[in-house]
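Protein chains in written order, with my numbering: chain A, 1 to 208; chain B, 1 to 208.
The beta-carbon is built from N, C-alpha and C at its ideal position, and this holds for glycine as well.
All remarks here apply to the structure that follows.
There are 2 protein chains.
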Amino acid sequence: MSHTLGIRQAQKQKTRQALLDAALGLLEEQSLSSLGLREVTRAVGVAPTAFYRHFRSTADLGVALVEEALGSLHPMIRTTVSATGDHEERITRAIELIARHVDGYPAHVRFIARERHGGVQPVREAIRDQLARFAQEVKDELAKDPVSEGWTEDDLLMLAHLYVDQMLITASLFLEALEGPEEERAQRTRHVAQVATRQMRPVSYTHL
Amino acid sequence: MSHTLGIRQAQKQKTRQALLDAALGLLEEQSLSSLGLREVTRAVGVAPTAFYRHFRSTADLGVALVEEALGSLHPMIRTTVSATGDHEERITRAIELIARHVDGYPAHVRFIARERHGGVQPVREAIRDQLARFAQEVKDELAKDPVSEGWTEDDLLMLAHLYVDQMLITASLFLEALEGPEEERAQRTRHVAQVATRQMRPVSYTHL
DNA sequence: CCATGCAGTTAACAACTGTTCTCTGGAATT
DNA sequence: AATTCCAGAGAACAGTTGTTAACTGCATGG
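Here it is, written out as structure tokens:
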């Protein structure tokens, strides 16, 4: 069904991706609200006006980056949190997923951590929406667990939001560990994983 | 001992404060890394060059804002977390302190939440230092509690950091509730307080 | 009372920004 | 083969930025 898109569209998507990549790189040392359109095109090596063929503004590009950073995570979340194994096991699985994701895409994680409370409203909203979707999905998995009987839908969703928040905090801590001096890295990573597990556990105990 | 500073220095501090206030206002809708020096002076009604009499750069002003936002909190933290009353009581006291602080200085709280992971390194560091001081102080109070016997200094400090992080998250949630529609405000505020208490409690239970 | 110090002003600078309009080369369509 | 389409280039615009220099007026200390 995927009819290979022509040379034309392929080239277009290529420069679009180049713009996204360049922006993500530049955003390691500044916030989105100070990112200039010319700055991005200069980094890619295209004319400033080419930017408009892909994004209305840098805020628009930011929203696209949110999709890129979080969009692909949904299926992974579902399977890791799915109701197989006991609580303890699910928690360690989730934390491992986070650790691997932070390790693989540190720039994306930093971007989300930074812009979640950042100065660009549409981007904040896009992040909030994605996190709400995560929470919804976590709730769906929680609901399958027999332990969840007797809980209202709202309570479960609230609990799911708690989990999602905790995951973000954990990701941020992993990132800090990653950015620190290399000799401490392994130790601090283990440390964060341990603290995060301890932090998550009581949340599920409220269940009982 | 405070020899009333002359007309000269008084006027200087006044414009300095005006610059800080104006910046804080402008930062409600953008990040520090995009805040221009001219923008600030224009809001105050003073020549752009006057800025340099007070700050080297906007980053420098940001560091001053961190001091203003968090500096005055240290004594309050000490007394609220001090070892009087049981854990439950201390927790509710701390959460009430946070709620009142967010209510009284929402712009400061937003600034800290935004710039903690923001794009300006010196400001991030200033915030990290202040939070480390908070953790140190909380640790000192924890150490006075007989329950803390048998814990190493490092473990206590780690626990204190956990508390401080949790306080910041709570502050951020209070702020979100405050920014939402007015009819939901009271309910959401109560909700946040309740969830925060539940979230903090297990942390201290790890003690036992 | 007079000389000094210094907060804030004025003017000018090169560099940079987002946005518009016009143009071009080559892929896509007919 | 001829035509349309459109991603990207190029040039120009008015407005903004941070920073420098030389100034002015007034509070200060001798």
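Any chain B beta carbon closer than 8 angstroms to Arg114/A: Yes, Arg114/A lies at the interface with chain B (some Cβ there is under 8 angstroms from its Cβ).
Between Asp86/B and Leu168/A, what straight-line distance do the alpha-carbon atoms span, to the nearest angstrom? Looking at the two C-alpha atoms, the distance is approximately 31 angstroms.
Just verifying my parser: in three-state terms, what is the DSSP assignment at Arg16/A? Arg16/A falls in the helix class under three-state DSSP.
With distances taken between CB atoms, is the gap from Gly36/B to Glu115/B smaller than 8 angstroms? Not a contact, by the Cβ cut-off of 8 angstroms.
Hey, does Gly119/A have any beta-carbon neighbour from chain B nearer than 8 angstroms? It does: the Cβ of Gly119/A has a partner Cβ on chain B nearer than 8 angstroms.
Would Val164/B pass as a contact of Val138/B if the rule is Cβ separation under 8 angstroms? Contact annotation: Val164/B and Val138/B have beta-carbon atoms nearer than 8 angstroms.
Can you pull the chain A residues whose beta carbon is under 7 angstroms from the beta carbon of Leu29/B, in chain order? The residue asked about is misnamed: residue 29/B is Glu in this sequence, not Leu. Chain-ordered, the chain A residues with CB closer than 7 angstroms to the CB of Glu29/B read Gly119.
Measuring straight from C-alpha to C-alpha, what distance separates Ala69/A and Glu68/B? Taking the straight line joining both Cα atoms gives about 34 angstroms.
According to DSSP, is Ser33/A helix, strand or coil? In the displayed model, Ser33/A falls within a helix according to three-state DSSP.
Cβ-based contacts, 8 angstroms cut-off: residues of the stretch 23 to 51 of chain A near chain B: Only those residues of the stretch 23 to 51 of chain A whose C-beta falls short of 8 angstroms from the nearest C-beta of chain B are listed: Leu27, Glu29, Gln30, Ser31, Leu32, Ser33 and Ser34.
For Thr79/A, is the classification buried or exposed, using 16 other Cβ atoms within 10 angstroms of its Cβ as the cut-off for buried? So Thr79/A counts as exposed.
Out of Arg188/B, Arg93/B and Ala171/B, which one is the CA nearest neighbour of Ala177/B? Selected option, being the one with the closest Cα: Arg188/B.
Would you mind stating whether Ile91/A and Arg190/A have Cβ atoms separated by less than 8 angstroms? Not closer than 8 angstroms, so no.
Smallest Cα separation from Val120/A: which of Ala10/B, Ala22/B, Leu27/B and Gln11/B? Measuring from the Cα of Val120/A, the nearest candidate turns out to be Leu27/B.
Roughly how many angstroms separate the alpha carbons of Leu157/A and Leu156/B, rounded to a whole number? Cα to Cα, the separation comes out at about 33 angstroms.
So Leu142/B packs on Leu159/B, CB below 8 angstroms; how close in whole Å? Contact holds; Cβ gap of about 7 angstroms.
According to DSSP, is Ala22/B helix, strand or coil? Ala22/B falls in the helix class under three-state DSSP.
Any C-beta of chain B under 8 angstroms from that of Ala160/A: Not an interface residue.
Reference Gln136/B; option with closest CA among Val123/B, Glu153/B, Pro146/B and Asp145/B: Considering only alpha carbons, the answer is Glu153/B.
Pull up the CB-CB distance for Phe134/A and Leu65/A, whole angstroms please, since I reckon it's below 8 angstroms. Actually they do not touch by this definition, with Cβ atoms about 17 angstroms apart.
Mapping the DSSP letters down to three states, classify Val120/A as helix, strand or coil. Here DSSP, grouped into helix, strand and coil, assigns Val120/A to coil.
Secondary structure at Ser2/B, three-state DSSP: helix, strand or coil? With a pLDDT of only 49 at Ser2/B, under 50, the local geometry of the prediction cannot be trusted, and no value is derived from it.
Does the distance from the CB of Ala94/A to the CB of Val81/A come in under 8 angstroms? Yes. Within cutoff.
Can you name, in chain order, every residue of its own chain whose Cβ lies under 7 angstroms from the Cβ of Ala193/B, other than the five neighbours on each side? Taken in chain order, the residues that qualify are Ile95 and Ala99.
If you draw a straight line from the C-alpha of Met76/A to the C-alpha of Leu97/A, how long is it? Straight-line Cα distance between these residues: approximately 8 angstroms.
Option nearest Ala113/A by Cα separation, candidates Pro146/A, Leu73/A and Leu173/A: Check the Cα spacing between Ala113/A and each of Pro146/A, Leu73/A and Leu173/A: the tightest is with Leu173/A.
Delimiting residues of the alpha helix (DSSP H) encompassing Tyr163/B: Counting along the chain, Tyr163/B sits inside the alpha helix (DSSP H) bounded by residues Glu153 to Glu179.
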